[in-house]
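Input: a single structure, listed below in C-alpha cells.
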Amino acid sequence: MWAEKYRPRSLSELVDQSAVKGRLSLLLKKKGEVPHLLFAGPPGSGKTTTAMIVARDILGEHYSDYSLSLNASDERGIDMIRERVKTFARFVDRREGVPYRLVILDECDEMTNDAQTALRRIMEEMATYTRFILICNYSSGIIEPLQSRCAIFRFQRLDEASVVRHLAQIAKKEGVKSGSEEPFALIYQAVGGDLRQAINLLQTASVSGEITADSVSTVAGSTVKGRVGEIVSLALKGDFEKARGKMVELTRVYGIPERDFLRFANEELTSNPTVDLGKAVSILAEYDFRLAQGGNPEVQLTAMLAQLALLSKGGD
Ligand SMILES: Nc1ncnc2c1ncn2[C@@H]1O[C@H](COP(=O)(O)OP(=O)(O)O)[C@@H](O)[C@H]1O
Ligand SMILES: [Mg+2]
Numbered sequence: 001m002w003a004e005k006y007r008p009r010s011l012s013e014l015v016d017q018s019a020v021k022g023r024l025s026l027l028l029k030k031k032g033e034v035p036h037l038l039f040a041g042p043p044g045s046g047k048t049t050t051a052m053i054v055a056r057d058i059l060g061e062h063y064s065d066y067s068l069s070l071n072a073s074d075e076r077g078i079d080m081i082r083e084r085v086k087t088f089a090r091f092v093d094r095r096e097g098v099p100y101r102l103v104i105l106d107e108c109d110e111m112t113n114d115a116q117t118a119l120r121r122i123m124e125e126m127a128t129y130t131r132f133i134l135i136c137n138y139s140s141g142i143i144e145p146l147q148s149r150c151a152i153f154r155f156q157r158l159d160e161a162s163v164v165r166h167l168a169q170i171a172k173k174e175g176v177k178s179g180s181e182e183p184f185a186l187i188y189q190a191v192g193g194d195l196r197q198a199i200n201l202l203q204t205a206s207v208s209g210e211i212t213a214d215s216v217s218t219v220a221g222s223t224v225k226g227r228v229g230e231i232v233s234l235a236l237k238g239d240f241e242k243a244r245g246k247m248v249e250l251t252r253v254y255g256i257p258e259r260d261f262l263r264f265a266n267e268e269l270t271s272n273p274t275v276d277l278g279k280a281v282s283i284l285a286e287y288d289f290r291l292a293q294g295g296n297p298e299v300q301l302t303a304m305l306a307q308l309a310l311l312s313k314g315g316d
C-alpha cells in the first residue's frame, strides 16, 4: 500500500503541520523533559505518523521494545488497557540511554468519561518512567483533567494545494502518467484533506499505469464520501425510502462510523447549490448533538434523512 510506503519517517518529510513540527522539534531537543502529548486533528492528517516519528526519535534503536501502541476504542475497554500497560511496564526495565517508555493511545475521544478518568489514574501511577501520547480527532472529547496533563498539538486538515502536490510526487515516483493536475484535484474533491484516503484513491485509480479524470471519477464514486453524497442527494430530492435503504447498507454492511457519515453529509450539503443551507445544516447539527448524546445511530440517521427529505417538499 502506497499510504504505508510513503509514510513520512521524519518531521521534515511531514506535509504541512508547520506549527506542530516547530513546537515538537523544540521539545525533542530535551528528550528527558518531554511531557505527555495529546495529538488532535482530522483523519489522515499525520497524527499516528508523528507519534511514530517522535517515538523513534526518543527511543532510537529501542523503539520497538520501549513503545506500546494501543487503540483506546478497543471494545475490551480500559481494563484491557490497564493490563497491557502494566504488563508492558513489568517487562520493560529502566535502561541506560532510554529516558522512559512510551505508550501511544489512539482514538482516545472514543473512550467514555469513566474510562478517561481511569486512564488518568494509570498515567499518574506510571508517571516516573512512562510517557503517553494520546491521539484523538476532537480534543473536546477528552476530559479536562487529561487535557491539562498533556501538551496539546492540533493537526490541521491538509489543504488542496498540499494534497495535490503530494499526490503528484507519489505518482511521479511510481511512474504513473498523469498529463495534468486535474486527476489529483478531483481526488482532493472526493476525499477532502484525508491524505490516507487520497493516496489509497490514487493507487486504485492508477492501476493501469495512468491516472485520468475518468479513472478517478470511476473509483471516487464508490468511496464512502461518494456514497454518503449520493444518499444525501437522494434525501434532498425527497426520495427518503431509497436514501434510507442505502444508508442502512452503508452503516451495517460497511460499518461506516456515524460521525463520518455526518461529516461527509455536511460536505455534500455545503457544496450542493440547490439546498436551503441554513435549514439543512441546522438539521445536521441537531442530529450531531443527538448522536453525541448516545442516540441509536441507525434511528437517528434515519430521522435525519426524513427531515432532509421534508425540505424538498417545502416543509420545515
Ligand atoms: N502530514 C502528512 N504528510 C505526509 N503524509 C501524510 C500526512 N498525513 C497523513 N499522511 C499519509 O497518510 C497516511 C496515514 O497517516 P496517519 O498519520 O496515520 O493519519 P492520522 O492523522 O489519521 O493518524 C500516512 O501513512 C501517510 O502516507
Ligand atoms: Mg491515526
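Read in order, the letters of the sequence shown correspond to residues 1 to 316 in the numbering used here.
Backbone N, C-alpha and C define an ideal beta-carbon position, used for all residues, glycine too.
In its own chain, which residues sit with a C-beta less than 6 Å from the C-beta of residue i, not counting the 5 before and 5 after it?
i: residue 166; result: 15
i: residue 244; result: 302 and 305
i: residue 291; result: 258 and 300
i: residue 34; result: 27
Where do the ends of the beta strand (DSSP E) carrying residue i lie?
i: residue 222; result: Taken as a continuous stretch (DSSP letters only), residue 222 belongs to no beta strand (DSSP E), as it is neither H nor E.
i: residue 39; result: 36–40
i: residue 106; result: 101–106
i: residue 131; result: 130–136
Excluding five sequence neighbours on each side, which residues of the same chain lie with their C-beta closer than 8 Å to the C-beta of residue i?
i: residue 94; result: 129
i: residue 175; result: 209
i: residue 239; result: 309
i: residue 25; result: 11
The alpha helix (DSSP H) that contains residue i, what's its start and end?
i: residue 122; result: 113–125
i: residue 283; result: 277–292
i: residue 263; result: 258–270
i: residue 244; result: 240–248
i: residue 302; result: 297–312
i: residue 5; result: 2–5
I need the straight-line Cα distance from residue i to residue j, nearest angstrom please.
i: residue 62; j: residue 8; result: 19 Å
i: residue 99; j: residue 58; result: 8 Å
i: residue 237; j: residue 214; result: 26 Å
i: residue 141; j: residue 171; result: 37 Å
i: residue 110; j: residue 97; result: 35 Å
i: residue 136; j: residue 43; result: 9 Å
i: residue 12; j: residue 169; result: 16 Å
i: residue 146; j: residue 242; result: 44 Å
i: residue 37; j: residue 127; result: 13 Å
i: residue 157; j: residue 173; result: 24 Å
Between which residues of its own chain and residue i is the CB-CB distance below 7 Å, once the five residues before and five after are set aside?
i: residue 10; result: 53
i: residue 188; result: 160, 163, 164 and 198
i: residue 235; result: 243, 305, 308 and 309
Run the CB neighbour count on residue i, radius 10 Å, all protein chains shown included, and call it buried at 16 or more, exposed below.
i: residue 50; result: buried
i: residue 265; result: buried
i: residue 197; result: buried
i: residue 258; result: buried
i: residue 138; result: exposed
i: residue 200; result: buried
i: residue 325; result: Lying outside 1 to 316, the shown extent of the chain, residue 325 is not represented and no answer is given.
i: residue 64; result: exposed
i: residue 125; result: exposed
i: residue 29; result: exposed
Starting from the N-terminal side, write out each stretch of the beta strand (DSSP E) that is 3 residues or longer and does not extend beyond the segment 142–228. 150–154
Complete alpha helix (DSSP H) runs within the segment 11–93 (minimum length 4 residues, chain order): 18–27, 47–59, 63–66 and 77–91
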